[in-house]
Amino acid sequence: MNRPRGIAMPVEYSVKSELGQFSSAKVFRDRVVVATIQRELTGDTLLFSSGGDSWRLSQRVDGEYRPFSIIVKTTSPRSNSMSVAREILKIRDHLFFHNRKMYMLSNVPEGRMQHHIHKGPKYICRLDNFPFEDPSEVDSETRSRLRRFRGVPVGEISGIGHDGHRVWLENELLDIGLPLSASAFLLYTTASWKIRTN
Amino acid sequence: MSTNVSPKRVGPFPFPKSDPSKRVKDFSEVQQPYTMEEVQDEAKRCLQCGTPVCIDACPVQMDVRGMCEAVSRGDLSTAYKRIRDTNPLLGVTARCCPQLQSLCEDACVMRWDGDPISIGMIQRFVADWEQRESKQPSPEQSKEQTGKRVGIIGGGPAGLAAAELLWRYGHAVTIYEQFGNLGGTAQYGIPDFHLPKDVLSYEIQSISELGVATRTGVIVGSGISLSQLLSDEVDAVLITAGSKDPVKLDTPGIDSQGIYDCYAFLEAVYGKSVVSYVANPTCILGEKILVIGGGDSALDGARTAKRLTQGSVTVVYRRTEKEMPSDPIMVQEAREEGVEFIFLADPAEYVSSGKRLTKVRMNTMELGPPDQTGRRSPQIVKGKDFFMDCDSVLLAVGRGPNSFLQLKEGLKTGRKNSIAVDDHFKTSMRGVFAAGDVVTGETLVVKAMGSGREAAQRVHEYLMNIEDQHISLYETYFVRRSYEMMQADLEGALPPP
Ligand SMILES: Cc1cc2nc3c(=O)[nH]c(=O)nc-3n(C[C@H](O)[C@H](O)[C@H](O)COP(=O)(O)OP(=O)(O)OC[C@H]3O[C@@H](n4cnc5c(N)ncnc54)[C@H](O)[C@@H]3O)c2cc1C
Ligand code: SF4
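Going down the list, the sequences are from chains A and B.
Position one of the first sequence corresponds to residue 1401 (our numbering), numbered consecutively onward.
Position one of the second sequence corresponds to residue 4 (our numbering), numbered consecutively onward.
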């Protein structure tokens, strides 16, 4: 699959749900299935990697359901029910903090016109001078002005779920590439979970 | 639903527009409506998403999907009922929301494959139909009156949205407004060519008719204090006093005659009516007007000045067009009307003859390293200043929260003297809550409404002593407004609000 435009990014994930398949999707990396996504009746979603790891994704972030927010935690393997779920990614209002840097999904990169993104891909950007380190701590003024922030593009997402939602990432996001791709799919393109086919 | 219908968009424009050479001579509306056939076709493009991201992106969780479903069947009444449930200013937000700027149309999944659904245009059609052709029943109030009284200070979008929700919870609500009309900045700032005032007045009247009391011409903090209000008239107060404080500049010559605050100018023109302003103008604009700033207010000021004078109007912005915070749709509309733009320039000195402004010495700017927002900060290029002749200048360089009440009453303040609130919208004074632009600084009509509604819910929980049972409005939508509910037509069975 070719990226529509932009600079080369080393890793490409693709998340695809079948038409009529309302609660599951497959995650591909370089065209090979690397994980499956399963929606639970509770509204949470489970992500199973081919390597045997699994994660629970929930839109209940900081105590309540929130738009454009998701929390990803490890699930304890059945053999070890004592192990504690570990949070590996928290996205709140498009923002997430990773490896001491703040990132924003669906951000307009610096130097790009706003209307250039009315079609085509959305960007994952690093916000280098962002004044907060935890998306939960962002004050209401900053939160209401997130649209004004401009970052450095380190990822690109595009495409609707049933065609394959594609996520390209720079190396700095590679360690969370799989849960991040699944989250982008769930937050921005899940039309396909229950698309009407008639 | 079908995806085989052609979208109506032309470039970034989801709507037809009036002829620029004609519209620049009056204050008539720029955006032109779809026909019934067009609006149905557009609604049919909606995919009826299982988890609609358009609603996630709407600060008032307007039921976009339900609207499209009903409109595609030609059932405007159901469409209206669905969207009116959480949005009391339908016609206003349809016209004023920059839907493509991080709101519903930007989120719509159709943008991945082609053009997002023109949600604003469908919404506008439904709202106009209700206003002009077929008045629909108002939203319902909770069956039981609570006997509690709430005072809302400020009748702008935040106050209006909060008032309606508090009324629906069963409280007795009074809006205290300093001006003669409700509507706040939507009344006194947003131009008629963008938002015809009959649309706003109609929607305000619909809220008042529910039983929300209004007391206009009352400045809380001046005639009556917050503590007086709380001890004599109400059980809780919600402050939604908006933005007001101008940014103070110390550019040499800033006090020259002919330099006006753009917000005060817009308030003078649109506060009563354009006709009364034209009969008695308060700003002497002349024929060469410079507007300083790069936001929507600068464009509103420029386009208003162009209509009033037919002169030469130039917007001067210190960064490049790419960094402009304004909606690109507005920039294009302004260009069509003959407004000119100069980028990478910033006033260094206002030069006058006598006391009257005659020209501005401009610094040439260049972009340096990024600031906190990631946008590259403008820096002066030494030795490259230049002069621009002008008769007047409109300053649209932003305005801060209206600080009058919090400073007068000693409420805890945040950045730029905004009212500091906790996660429950509570201020430092017991029983006093705050929301909208007075908390966040200037945002958008729909964001102020969303904030007003969330605060109203907190006020309700405080009054009824059920704060520990809080479930957010988004979560309520998320859980109750499921696809299955809509399909089974069970949404109507949900209890208000
Ligand atoms: C020129 C301009 C153009 C804009 N265009 C758009 C647009 O196109 N789209 C968009 O979405 N947004 C736009 N906005 C922003 C939008 O108007 C505001 O974000 C929104 O109105 C804020 O709502 P609010 O209720 O918080 O405050 P406001 O609308 O400012 O209302 C506050 C109200 O409180 C009253 N008040 C204040 N203090 C007191 C007191 N002590 N006692 C009694 N009453 C008091 C005021 O008189 C006012 O009526 C624009 C703003 C400006 C200035
Ligand atoms: S996201 Fe777009 S396609 Fe999906 S329900 Fe909303 S308007 Fe319809």
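All residues carry an ideal CB built from backbone N, CA and C; glycine is no exception.
Source: prediction; values computed, not measured.
Beta-carbon spacing of residue i, residue j below 7 Å
{"i": "Phe30(B)", "j": "Tyr1465(A)", "result": "no"}
{"i": "Leu288(B)", "j": "Thr307(B)", "result": "no"}
{"i": "Pro1509(A)", "j": "Ser1558(A)", "result": "no"}
{"i": "Cys61(B)", "j": "Cys111(B)", "result": "no"}
{"i": "Ala305(B)", "j": "Val319(B)", "result": "no"}
{"i": "Gly192(B)", "j": "Leu269(B)", "result": "yes"}
{"i": "Ala166(B)", "j": "Ile155(B)", "result": "yes"}
{"i": "Gly377(B)", "j": "Gly1443(A)", "result": "no"}
{"i": "Leu302(B)", "j": "Ala348(B)", "result": "no"}
{"i": "Ser406(B)", "j": "Asp248(B)", "result": "yes"}
Residue i versus residue j: straight-line alpha-carbon distance, rounded
{"i": "Ile125(B)", "j": "Cys71(B)", "result": "8 Å"}
{"i": "Ser395(B)", "j": "Arg456(B)", "result": "41 Å"}
{"i": "Phe1468(A)", "j": "Val42(B)", "result": "28 Å"}
{"i": "Gly261(B)", "j": "Arg359(B)", "result": "6 Å"}
{"i": "Asp440(B)", "j": "Ser246(B)", "result": "6 Å"}
{"i": "Ala97(B)", "j": "Met39(B)", "result": "16 Å"}
{"i": "Ser5(B)", "j": "Ser80(B)", "result": "Summary for Ser5(B): the model assigns pLDDT 38, below 50, so the residue's position carries little reliability, and this model does not support an answer."}
{"i": "Pro1410(A)", "j": "Lys291(B)", "result": "53 Å"}
{"i": "Arg1486(A)", "j": "Ser1536(A)", "result": "17 Å"}
{"i": "Glu1412(A)", "j": "Ser1450(A)", "result": "17 Å"}
{"i": "Met1513(A)", "j": "Glu324(B)", "result": "8 Å"}
{"i": "Leu169(B)", "j": "Asp201(B)", "result": "25 Å"}
{"i": "Thr1590(A)", "j": "Leu370(B)", "result": "39 Å"}
{"i": "Cys265(B)", "j": "Ile295(B)", "result": "9 Å"}
{"i": "Ser9(B)", "j": "His463(B)", "result": "At Ser9(B), the pLDDT of 49 sits below 50, so the modelled position is not reliable; the number obtained from the coordinates is stated separately. One C-alpha to the other measures close to 46 Å."}
{"i": "Leu106(B)", "j": "Glu1541(A)", "result": "17 Å"}
{"i": "Gly150(B)", "j": "Glu1572(A)", "result": "57 Å"}
{"i": "Val250(B)", "j": "Asp1528(A)", "result": "27 Å"}
{"i": "Glu412(B)", "j": "Arg1492(A)", "result": "34 Å"}
{"i": "Lys1416(A)", "j": "Val1427(A)", "result": "7 Å"}
{"i": "Phe128(B)", "j": "Leu1574(A)", "result": "46 Å"}
{"i": "Val1484(A)", "j": "Leu1580(A)", "result": "21 Å"}
Residues sharing a beta bridge with residue i, DSSP
{"i": "Lys1426(A)", "result": "Lys1416(A) and Thr1436(A)"}
{"i": "Lys20(B)", "result": "Gln34(B)"}
{"i": "Trp1568(A)", "result": "Glu1412(A) and Glu1556(A)"}
{"i": "Asp109(B)", "result": "Paired residue(s): none; Asp109(B) is not in a bridge."}
{"i": "Ser356(B)", "result": "Arg359(B)"}
{"i": "Gln313(B)", "result": "Looking at the DSSP assignment, Gln313(B) forms no beta bridge with any residue, so it has no partner."}
{"i": "His1498(A)", "result": "Lys1501(A)"}
{"i": "Phe344(B)", "result": "Val318(B)"}
{"i": "Ser395(B)", "result": "Ile292(B)"}
{"i": "Ser246(B)", "result": "Pro404(B)"}
{"i": "Tyr1523(A)", "result": "Asn1507(A) and Glu1556(A)"}
{"i": "Met365(B)", "result": "Pro350(B) and Phe389(B)"}
{"i": "Leu1447(A)", "result": "Ile1437(A) and Trp1455(A)"}
{"i": "Lys429(B)", "result": "Phe436(B)"}
Contacts of residue i in chain B (Cβ-Cβ under 9 Å)
{"i": "Gly1559(A)", "result": "Trp115 and Asp116"}
{"i": "Asp1430(A)", "result": "Ordered by position in chain B, no residue passes the 9 Å Cβ test against Asp1430(A), which lies about 21 Å from the chain."}
{"i": "Pro1531(A)", "result": "Gln375"}
Chain A residues whose Cβ lies nearer than 9 Å to that of residue i
{"i": "Arg483(B)", "result": "By Cβ distance, chain A contributes nothing, its closest Cβ being about 12 Å from Arg483(B), past 9 Å."}
{"i": "Ser300(B)", "result": "Within 9 Å Cβ-Cβ: nothing; Ser300(B) doesn't reach chain A, min ~15 Å."}
Proximal residues of chain A, C-beta to C-beta of residue i below 8 Å
{"i": "Val400(B)", "result": "The contacting residues do not exist; Val400(B) stays about 15 Å from chain A at best."}
{"i": "Pro381(B)", "result": "Within 8 Å Cβ-Cβ: nothing; Pro381(B) doesn't reach chain A, min ~14 Å."}
{"i": "Ala60(B)", "result": "Pro1467 and Phe1468"}
Under 7 Å by beta carbon: chain A residues contacting residue i
{"i": "Thr446(B)", "result": "Ser1544"}
{"i": "Glu478(B)", "result": "Glu1464 and Tyr1465"}
{"i": "Thr443(B)", "result": "Ser1540, Glu1541 and Ser1544"}
{"i": "Lys450(B)", "result": "Ser1544"}
{"i": "Ser75(B)", "result": "Within chain A, no residue comes near Ser75(B); the closest Cβ sits about 11 Å away, beyond 7 Å."}
Proximal chain B residues relative to residue i, where beta-carbon distance stays under 8 Å
{"i": "Leu1527(A)", "result": "Gly377"}
{"i": "Lys1519(A)", "result": "Arg114, Gly117 and Asp118"}
Contact with chain D by residue i, beta-carbon distance below 7 Å
{"i": "Trp115(B)", "result": "The displayed structure is made up of protein chains A and B, and chain D is not among them."}
Residue i beta carbon near ligand 3 (any heavy atom closer than 6 Å)
{"i": "Gln181(B)", "result": "Ligand 3 is not part of this structure, which contains only ligand 1 and ligand 2."}
Beta-carbon neighbours of residue i, restricted to chain B and to distances below 7 Å
{"i": "Gly1551(A)", "result": "Gly377"}
By the 9 Å beta-carbon criterion, what residues does the region 1432-1456 of chain A contribute toward chain B?
Gly1443
Got a sec: which bits of the region 1533-1549 of chain A sit with their beta carbon under 7 Å from any beta carbon on chain B, in order along the chain?
Ser1540, Glu1541, Ser1544, Arg1547, Arg1548 and Phe1549
Going along the chain, which residues of the region 1576-1590 of chain A sit with their C-beta nearer than 9 Å to a C-beta in chain B?
For the region 1576-1590 of chain A, residues whose beta-carbon sits nearer than 9 Å to a beta-carbon of chain B comprise Leu1586, Leu1587, Tyr1588, Thr1589 and Thr1590.
The region 363-375 of chain B: which residues have C-beta closer than 8 Å to a C-beta of chain A, in chain order?
Pro373, Asp374 and Gln375
Which residues, taken in chain order from the region 303-328 of chain B, show a beta carbon closer than 9 Å to some beta carbon of chain A?
Thr323, Glu324, Lys325, Glu326, Met327 and Pro328
Could you name the residues of the region 26-56 of chain B whose beta carbon sits closer than 8 Å to any beta carbon of chain A, in the order they occur along the chain?
Leu50, Gln51, Cys52, Gly53, Thr54, Pro55 and Val56
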